[in-house]
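Residue numbers (the numbering used here): 52 to 550. Accompanying notes for the structure given below.
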Ligand SMILES: Cc1cc2nc3c(=O)[nH]c(=O)nc-3n(C[C@H](O)[C@H](O)[C@H](O)COP(=O)(O)O)c2cc1C
Ligand SMILES: [Mn+2]
């Protein structure tokens with residue numbers, strides 16, 4: 052027996068998508084060399100159902116791929132259905148409710164994972180010389196990529212040498228040789244911090260990678276929780292059940308028992324190999340590879356007919372926006388609110404490719420603080436850009452909370468009509484930030500600072516609690532009885548129902 056439900060069992064997640072019409076079981080032969088990537092890309096861009104490739108032309112027979120595991124959908128029950136299913140929530144859960152759910156679990160007691168003797172991930176065990184990662188259908192995702200990527204929707208497991216902190220974190224891994232992978236482990240990310248601790252001890256870093264993980268665990272591994280926080284305990288708090296984990300075959304780490312595929316081994320300290328390029332979250336592919344650490348695989352365990360989940364990064368919306376962006380939104384909202392700032396919501400607009408976060412300001416509370424625009428911008432920048440989550444996002448858009456910041460149409464209208472050129476932007480050349488942002492100068496990439504801003508779309512009156520005129524719209528420009536009559540008679544006028 053293993054635990055069930057879409058949040059804690061990837062196989063159940065896939066079944067739930069199929070049952071709700073949000074995944075397609077593809078029996079046509081499909082090549083992992085570019086074809087699966089092209090289909091998945093078109094799925095994101097047309098908001099079609101997630102492709103489950105059941106008949107792949109490379110790799111051992113039986114292995115499958117799920118593309119676009121958290122793509123947006125056009126189904127009637129909501130665009131965010133595939134994301135909500137990651138957390139076992141109803142498909143029509145709105146972003147605001149999802150964020151509050153994620154934030155409240157940050158303040159709940161962690162629920163530690165439960166160690167079980169064995170689980171589905173041990174159905175097949177391959178060790179040593181028998182390992183050949185090319186047995187999996189390792190996809191070539193974009194024509195310009197420097198290699199095939201096995202890990203695009205999986206997480207690393209590492210633990211500090213003192214055993215006090217276990218980190219689950221999502222980062223990409225490229226196939227290097229038959230039993231090694233290569234990929235980034237940035238020093239600001241928790242895998243990089245823990246890798247450094249092992250380096251100082253002079254020992255290789257014990258490591259595992261989990262593919263086809265429980266979806267809530269994958270999302271938590273893509274969430275910038277503070278250093279020292281175990282993502283596994285957060286998943287327990289979030290789902291209300293401990294995650295079932297099993298001991299690895301070789302290195303004493305623990306991995307989710309029902310994972311589709313587990314790779315275990317160690318990360319080298321001195322050995323690097325060229326990695327990339329790859330189409331990336333900001334929507335571009337830059338040329339050239341970079342040296343990155345090599346991950347040595349000493350054992351592979353996997354379920355029968357394992358399903359490899361795949362993110363084909365690039366233009367939004369893909370998982371770097373729908374999962375990473377959503378998890379950044381939750382941690383940023385918590386950081387800003389915990390600092391006592393008059394903030395009601397934070398949202399990394401998927402359309403902005405995780406390069407900006409919109410922050411909505413409670414103007415009534417803002418007026419009570421007596422803050423001016425620069426003071427507010429500096430306070431938001433100080434709190435956010437100094438945090439682990441704020442390191443990831445270069446731009447903040449401040450806007451009054453008459454705007455629903457999860458609605459890109461409203462946000463664009465506010466930017467166009469409220470941002471004041473020349474005075475509405477505050478820049479922070481000393482703020483630290485992720486060096487992957489496309490517009491950074493060489494100097495900014497080298498120093499890891501700058502290219503960060505707060506853009507204010509607050510109008511002068513809003514600092515005194517006054518509204519920005521009356522929004523001329525269906526909601527604001529008509530008395531209740533007129534609106535009610537229009538809604539009730541809608542079909543009689545001859546219109547189809549609006550969702
Ligand atoms: C689909 C996806 C792909 C990601 N790829 C990477 C990556 O290649 N490198 C990276 O540093 N972070 C990547 N991230 C973001 C990290 O997972 C995220 O910043 C997380 O907070 C890192 O864990 P940590 O906070 O425990 O260090 C990715 C996230 C998602 C959802
Ligand atoms: Mn972490």
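Quick reminder that beta carbons are idealized off the backbone N, C-alpha and C, glycines included. This one's a predicted model, so the numbers in the text were calculated from it and none came from an experiment.
Indicate, with yes or no, if ligand 4 has a heavy atom lying under 7 Å from the CB of residue i.
i           : result
residue 266 : Ligand 4 is not among the ligands present in this structure, which contains only ligand 1 and ligand 2.
By Cβ distance below 8 Å, which residues in the same chain neighbour residue i in space, the five residues on each side in sequence not counted?
i           : result
residue 185 : 110, 226 and 229
residue 423 : 514
residue 156 : 285, 288 and 289
residue 234 : 202, 222, 223, 224, 225, 326, 343, 344 and 346
residue 549 : 541
residue 258 : 207, 208, 209, 302, 304, 315, 316, 317, 318 and 346
Residue i: which of the options sits nearest, CA to CA?
i           : options               : result
residue 54  : 256, 309 and 262      : 309
residue 300 : 291, 294 and 313      : 313
residue 458 : 397, 63 and 504       : 397
residue 193 : 63, 331, 168 and 374  : 331
residue 60  : 99, 264, 224 and 183  : 264
residue 197 : 339, 540, 223 and 188 : 339
residue 522 : 451, 504, 495 and 83  : 451
residue 250 : 321, 205 and 280      : 321
residue 292 : 273, 165, 327 and 173 : 165
residue 117 : 163, 180, 189 and 237 : 189
residue 278 : 528, 234 and 218      : 218
residue 168 : 104, 306 and 95       : 306
residue 466 : 485, 508 and 500      : 508
residue 108 : 532, 78 and 385       : 78
residue 389 : 103, 154, 82 and 63   : 154
residue 473 : 506, 543, 454 and 436 : 506
Go ahead and pull the three-state DSSP assignment for residue i.
i           : result
residue 490 : coil
residue 335 : coil
residue 259 : strand
residue 155 : helix
residue 411 : strand
residue 544 : helix
residue 245 : helix
residue 104 : strand
residue 389 : helix
residue 497 : helix
residue 283 : helix
residue 346 : strand
residue 95  : helix
residue 425 : helix
residue 115 : strand
residue 137 : helix
residue 468 : helix
residue 68  : helix
residue 192 : coil
residue 506 : strand
residue 32  : Nothing can be reported for residue 32: it is not among the residues displayed for the chain, which extend from 52 to 550.
In its own chain, which residues sit with a C-beta less than 6 Å from the C-beta of residue i, not counting the 5 before and 5 after it?
i           : result
residue 526 : none
residue 356 : 113
residue 191 : 84, 85 and 199
residue 363 : 88, 91, 92 and 192
residue 491 : 502
residue 504 : 446, 476 and 478
residue 350 : 178, 300, 301 and 315
Assuming the contact rule is C-beta atoms closer than 8 Å, residue i and residue j should be a hit. Round their C-beta distance to whole Å, please.
i           : j           : result
residue 203 : residue 361 : 5 Å
residue 296 : residue 287 : Incorrect: roughly 11 Å between the Cβ atoms, too far for contact.
residue 57  : residue 255 : Between residue 255 and residue 57 the Cβ distance is about 36 Å, and since that is not below 8 Å, they are no contact.
residue 404 : residue 367 : 5 Å
residue 152 : residue 138 : 7 Å
residue 553 : residue 326 : The structure shown does not extend to residue 553, since the chain is modelled only from 52 to 550, so the question has no answer here.
residue 101 : residue 120 : 6 Å
residue 409 : residue 463 : Not quite, the Cβ-Cβ distance comes to about 11 Å (not below 8 Å), so this is no contact.
residue 210 : residue 304 : 6 Å
residue 98  : residue 123 : 5 Å
residue 172 : residue 353 : 7 Å
residue 214 : residue 261 : No, residue 214 and residue 261 are not in contact; Cβ-Cβ is about 19 Å, not under 8 Å.
Near residue i, which residues of its chain fall below 7 Å by C-beta distance, leaving aside the five closest residues on each side in sequence?
i           : result
residue 418 : 514, 515 and 516
residue 135 : 141, 142, 144 and 149
residue 170 : 53, 295, 297, 308 and 309
residue 231 : 345, 346, 347 and 348
residue 337 : 328
residue 401 : 367, 368, 372, 373 and 376
residue 73  : 100, 101, 124, 126, 132 and 133
residue 442 : 239, 483, 484 and 485
residue 415 : 516
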